[in-house]
Amino acid sequence: MHRMSSKDHDDQDTLTEEISSLELKRQTLFARLKHLEEENLSNKKKSLDPIKIFTQQPFQAPSLNFERLSGISFFIPHDPEEQSRKKLLVKDPKNFHIGSAPLIPLLGVRFDFMMHPMQTMFPSPTSDSSFQYVPVNGNTFEAPHYIIFRVFEDALSLYKYTIPNFFRLDAWADDYLTSKHPDRLRLFLWRVHKLLTAHACRKNLLSQLNDTFQEHASIQISADLTYTHVEINIQDQWKARFFCFMDSTRIQRCQIFECRPTWHRDYTMEATLLSEDVWLDILHRKIKTFV
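Mapped onto the UniProt record's numbering, the consecutive letters of the sequence shown carry residue numbers 1 to 291.
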């Protein structure tokens with residue numbers, strides 16, 4: 001039978017002390033972790049209202065002045081995933097406890113703009129302008145667009161939206177909402193509203209041209225979904241291609257060809273349209289010379 005030496009007893013005592021010390025540290029750390037989790041949970045319960053979150057960092061108080069942005073309003077939407085989340089069980093990665101999935105607050109934003117904004121965007125310089133807009137009795141609003149955000153403690157993320165895909169909303173959200181600028185949400189919404197309004201203006205522009213020259217079969221007017229690319233073709237007489245800025249109604253570049261009697265590019269007309277705010281009247285007068 002092997003007898004333990006005094007050295008073995010000393011080693012055993014040392015290991016026992018180390019185990020006891022480690023166990024004590026483990027209990028202390030678990031107690032600290034539980035305290036932090038309870039404190040974090042308490043803070044979350046106090047800030048479940050998405051609107052209140054914007055009064056804290058990193059959303060500064062000035063970002064709440066959205067009433068100054070015409071056509072932008074807020075609402076708290078119903079979460080379609082609320083019931084399913086309550087039934088969903090997840091494992092906490094920290095303590096491996098099983099519990100209900102956390103509810104993520106939602107914040108909705110509504111964008112409103114006029115149905116015929118072009119009539120105010122393209123004022124005629126003189127009262128005897130050759131191009132008269134179709135009168136509108138009581139200008140109404142376009143169908144509104146919406147963005148729904150998921151609201152986290154220090155950030156927002158896109159959840160759902162009705163903005164057309166060609167506006168690249170995801171890319172803008174990455175550029176604006178992930179920055180450190182205190183007014184980043186305000187700037188993001190302002191740009192979206194500006195783009196939607198400009199899109200409505202360009203759409204209205206095409207409608208006005210079509211309505212004006214719809215009886216002339218020789219004139220063909222078309223545009224892409226963004227209304228930034230407009231083409232006008234007057235059979236065997238005149239061709240024009242316009243490229244507008246996405247966030248405005250200004251012409252970015254254009255190509256114009258006139259047959260006299262062979263096809264030639266009209267650089268003078270191109271320069272005139274690029275430099276004028278009221279280029280719609282100029283364009284209308286030019287088309288009228290061929291009909």
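Think of the CB as a built atom: it goes at the ideal place given N, C-alpha and C, for glycine as much as any other residue.
A contact is defined here as three or more CB-CB pairs under 8 Å, and the segment 149-156 meets this definition with respect to the segment 101-110. Only residues of its own chain outside the window of five on either side were considered, and among them R110, F111, D112 have a CB closer than 7 Å to the CB of P144, listed in chain order. A Cβ-Cβ contact shorter than 8 Å links T249 with L205. Just so you know, the alpha carbons of T162 and W263 end up roughly 44 Å apart. In this chain, the beta strand (DSSP E) harbouring I148 covers 145-151. Three or more beta-carbon pairs drawn from the segment 237-249 and the segment 211-229 are found closer than 8 Å, and the two stretches are therefore classed as touching.
Of the candidates L24, E37, L15, I72, the residue whose Cα lies closest to the Cα of V192 is I72.
DSSP places K239 in the uninterrupted beta strand (DSSP E) bounded by 238-244. Burial state of D174 is exposed, judged by a 10 Å Cβ sphere holding fewer than 16 other Cβ atoms. Ranking I282, L283, H199 by CA distance to the CA of F166 puts H199 first.
From the listed residues K194, F290, D154, L195, the smallest Cα separation to K180 is found for D154. Here K180 carries a coil assignment [DSSP, helix/strand/coil]. Going by beta carbons, V291 and F213 fall inside the 8 Å limit. Restricted to the segment 184-245, the beta strand (DSSP E) segments that are unbroken, complete and at least 3 residues in length are 219-223, 229-234, 238-244, listed in chain order. Taking the Cβ atoms as the reference, L225 lies roughly 18 Å from I251, outside the contact range of under 8 Å.
Here S73 is bridged, per DSSP, to R110. Our two residues, Q220 and R253, have alpha carbons roughly 20 Å apart in a direct line. Y176 is classed as buried because its beta carbon has at least 16 other beta carbons within 10 Å across all chains shown. The residue from R32, R168, S21, E17 with its alpha-carbon nearest to that of D247 is R168.
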